[in-house]
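Report on one structure; see the data block that follows.
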Amino acid sequence: MKKKLMILLVALLLLVPVACKKADDKSTEAPTTDGATDTTESASGDEKLDFEGKTMNVVTTSDSYKELFDEFAKETNAKVEFLSMSSGEVISRIEAEGGKPMADLWFGGGIDAFMAAKDKGLLESYVPKAKDTVDERFRDPEGYWNSKGLTVVGFLVNEKALQEKGLEAPKTWDDLADPKYKGQVIMANPAISGTNYAAVKALLDTKGTEEGWDYLSKLNDNIEFYGKRGKDPEEKTVSGEFNIGIIPADKKSFDVAEENDLKVVYPEDGIPWVPEGVAIFKGGDGTEIAKAFIDFMLRPENQAKLAKLDGKDSSQMIVKDVEGFDLGLPEDKLMDIDISTFGSQREEILSKWEEMTKNK
61 MKKKLMILLV ALLLLVPVAC KKADDKSTEA PTTDGATDTT ESASGDEKLD FEGKTMNVVT
121 TSDSYKELFD EFAKETNAKV EFLSMSSGEV ISRIEAEGGK PMADLWFGGG IDAFMAAKDK
181 GLLESYVPKA KDTVDERFRD PEGYWNSKGL TVVGFLVNEK ALQEKGLEAP KTWDDLADPK
241 YKGQVIMANP AISGTNYAAV KALLDTKGTE EGWDYLSKLN DNIEFYGKRG KDPEEKTVSG
301 EFNIGIIPAD KKSFDVAEEN DLKVVYPEDG IPWVPEGVAI FKGGDGTEIA KAFIDFMLRP
361 ENQAKLAKLD GKDSSQMIVK DVEGFDLGLP EDKLMDIDIS TFGSQREEIL SKWEEMTKNK
């Protein structure tokens, strides 16, 4: 009897570890999931998004960024489709369709339109992962818009033609208002040109309202004609109709200057600038893909690609220390502008501008 009890006890002791091991194996078994996951892990340990079978629709002012979007599509296994439309048309169409978004991502255009869209509740808030690397001047504090780059304002100057008139090329905004340049200057109507509206707004912010309007009145005395298209100042300076054009200063303008024996001047007393917006439309089907694109766009290597596609200086780009074209932009000369009122003051500024210029 004792022998049988001993054999039974040994058998029980041998079974206990096996039972415990099976219980442990069951508790650590990975749960099963239905369908494919949206993320995988790359060799570097970074999260890799997979949007297979999904499409992101983009409204943009130009298809010149296709290269960047193609790379994003390849990396995330998504499809990207484009719709070309001006910023003003975007808001009008959405409102006409009862707030229904026409796309998922809005890429490029005047920041005042993005601010208006935010105020109308047409945008989705998203704070990108790289927000701490982005200058706070170039993004909405609540995440409703980010920037893909900056437009800066300079002068396109025909030095030879000015010299023939006994004039030196202007170096500052104050120079530009000197009566000796009467009839030499052209700018586009700021109601049409976002670049020239940025210049007007920057001068008012920098000089103060009263002094700013006094300055703009003196500048107006030197301007006989305001361009009805944003390209007028460049084209009419190239053609010789005027000798000083107020323009967006980027690689295209430097190329035009070189080809036509002209010069691009950054005003020494301050350079106006304005962000170029990127935003997510509220209620779109591809919201998550649009969020992923903004994070993708702000990665340094992609900002470098965007700098080259845009033809902008590295200091014009949104993430610091990104290399682009070296156009000699002195970053410390960027004007101290209140971007928060860029949109809200637009109607008031343009109304007073129209009254002052008397439809030139």
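Following the working numbering, the numbering of the sequence shown begins with 61 at its first residue and continues without gaps. For glycine and all other residues, C-beta sits at the position ideal for the given N, C-alpha and C. Computed from a predicted model, the values in this text were never measured in an experiment.
Spatial distance of residue i from residue j (CA atoms)
i	j	result
residue 312	residue 280	27 Å
residue 209	residue 308	13 Å
residue 156	residue 162	11 Å
residue 395	residue 266	7 Å
residue 217	residue 385	21 Å
residue 399	residue 334	8 Å
residue 146	residue 413	23 Å
residue 128	residue 397	30 Å
residue 244	residue 256	17 Å
residue 419	residue 324	28 Å
residue 410	residue 172	13 Å
residue 321	residue 344	48 Å
residue 141	residue 180	25 Å
residue 148	residue 169	9 Å
residue 158	residue 314	43 Å
residue 186	residue 199	11 Å
residue 317	residue 294	9 Å
residue 195	residue 225	44 Å
residue 405	residue 260	11 Å
residue 189	residue 357	11 Å
residue 193	residue 350	20 Å
residue 271	residue 203	34 Å
residue 160	residue 228	54 Å
residue 230	residue 253	22 Å
residue 113	residue 138	7 Å
residue 319	residue 354	36 Å
residue 301	residue 121	29 Å
residue 264	residue 359	34 Å
residue 191	residue 408	32 Å
Cut-off 7 Å between Cβ atoms - residues of its own chain near residue i, not counting five sequence neighbours on either side
i	result
residue 352	109, 136
residue 417	280, 286
residue 440	Given that the chain is displayed from residue 61 to residue 420, the structure contains no residue 440 and the question cannot be resolved.
residue 2	Residue 2 is absent from the model: the chain starts at 61 and stops at 420.
residue 329	232, 233, 234
residue 240	227
Beta-bridge partners of residue i, as assigned by DSSP
i	result
residue 286	247
residue 199	206
residue 184	340
residue 394	331
residue 260	Its beta-bridge partners do not exist; DSSP assigns none.
residue 487	With the chain running from 61 to 420 in the structure shown, residue 487 is simply not present.
residue 379	194
Residue i, buried or exposed, once every other Cβ within 10 Å from all chains shown has been counted against 16
i	result
residue 89	No answer about residue 89 holds up, because its pLDDT of 33 lies below 50 and its placement is not dependable.
residue 123	exposed
residue 289	exposed
residue 152	exposed
residue 64	Its pLDDT being 42, under 50, residue 64 is placed unreliably by the model, and nothing is read from it.
residue 336	buried
residue 366	buried
residue 223	exposed
residue 211	buried
residue 392	exposed
residue 390	exposed
residue 183	buried
residue 305	buried
residue 28	Past the edges of the chain, shown from 61 to 420, lies residue 28, and the structure says nothing about it.
residue 296	buried
residue 103	With a pLDDT of only 35 at residue 103, under 50, the local geometry of the prediction cannot be trusted, and the value read off the model is given with reservation. Flag for residue 103 reads exposed.
residue 207	buried
residue 374	buried
residue 214	buried
residue 327	buried
residue 372	buried
residue 134	exposed
residue 201	exposed
Cut-off 6 Å between Cβ atoms - residues of its own chain near residue i, not counting five sequence neighbours on either side
i	result
residue 292	248
residue 117	141, 163, 164
residue 205	174, 337, 339
residue 363	377, 379, 382
residue 303	218, 221, 222, 244
residue 197	none
residue 242	282
residue 251	410
residue 167	118, 120, 338
Spatial neighbours of residue i in its chain, beta-carbon cut-off 8 Å, leaving aside the 5 residues before and after
i	result
residue 369	124, 125, 127, 128
residue 176	151, 403
residue 130	140
is_contact[residue i, chain C] using C-beta, thresh 8 Å
i	result
residue 150	Checking the listed chains, one finds no chain C in this structure; it contains a single protein chain.
Task: Start-end ranges of the beta strand (DSSP E) lying completely within the segment 306 to 350, minimum 3 residues - done: 323 to 325, 333 to 341
TODO: Ignoring anything shorter than 4 residues or poking outside the segment 206 to 230, list the alpha helix (DSSP H) runs there in chain order.
DONE: Counting only runs of at least 4 residues, the segment 206 to 230 fully encloses the following alpha helix (DSSP H) elements, listed from N- to C-terminal order: 219 to 224.
Open item on the list: As an exercise, report each continuous alpha helix (DSSP H) stretch of at least 4 residues that is fully enclosed by the segment 91 to 179, in chain order.
Closed with: 126 to 136, 147 to 156, 171 to 179
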